[in-house]
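S.K.:
In UniProt numbering, the protein residues as written are 1 to 84.
#1: Looking only at its own chain, which residues have a Cβ that is under 7 Å from the Cβ of residue 10, when we skip the five neighbours before and after it?
#2: Over the uninterrupted alpha helix (DSSP H) stretch that includes residue 53, give me the two end residues.
#3: Compute the Euclidean distance between the alpha carbons of residue 30 and residue 51, then round it to the nearest angstrom.
#4: Measure the C-alpha to C-alpha separation of residue 80 and residue 53 and round it to an integer number of angstroms.
#5: Return the chain-ordered list of same chain residues with a C-beta closer than 8 Å to the C-beta of residue 69, the five sequence neighbours on each side being excluded.
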């Protein structure tokens, strides 16, 4: 059940990050979900390592969105470089 919850939250975080990102990204459901999950893990690891928050706090959700947004920027940069 925990894995299903992680996938659902990852998808929501990925969609929010895509909504906040300017421009259009042609990413499907799976890439959006993976982006959100990776952003959640990134933000969770960095935030907890720096002592900003602990697991389960609301700040972790906000941090997950920020982490997914940063990964979306990196993804767009790498995808743009590969296209040219």
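Ideal placement from N, C-alpha and C gives every residue a C-beta, glycine not left out.
M.R.: Here's the rundown:
#1: Your numbering for residue 10 matches position 10 in the chain shown. For residue 10, where only same-chain residues beyond five positions count, the Cβ hits under 7 Å are 33, 36, 37, 40.
#2: The residue given as residue 53 occupies position 53 in the chain shown. No alpha helix (DSSP H) holds residue 53; DSSP gives it neither H nor E.
#3: Position 30 of the chain shown holds residue 30. Position 51 of the chain shown holds residue 51. In a straight line, the C-alpha of residue 30 is about 31 Å away from that of residue 51.
#4: By 1-based counting over the chain shown, the position of residue 80 is 80. By 1-based counting over the chain shown, the position of residue 53 is 53. Cα to Cα, the separation comes out at about 34 Å.
#5: Locating residue 69 in the chain shown gives position 69, where the first residue counts as 1. The residues are 17, 20, 21, 39.
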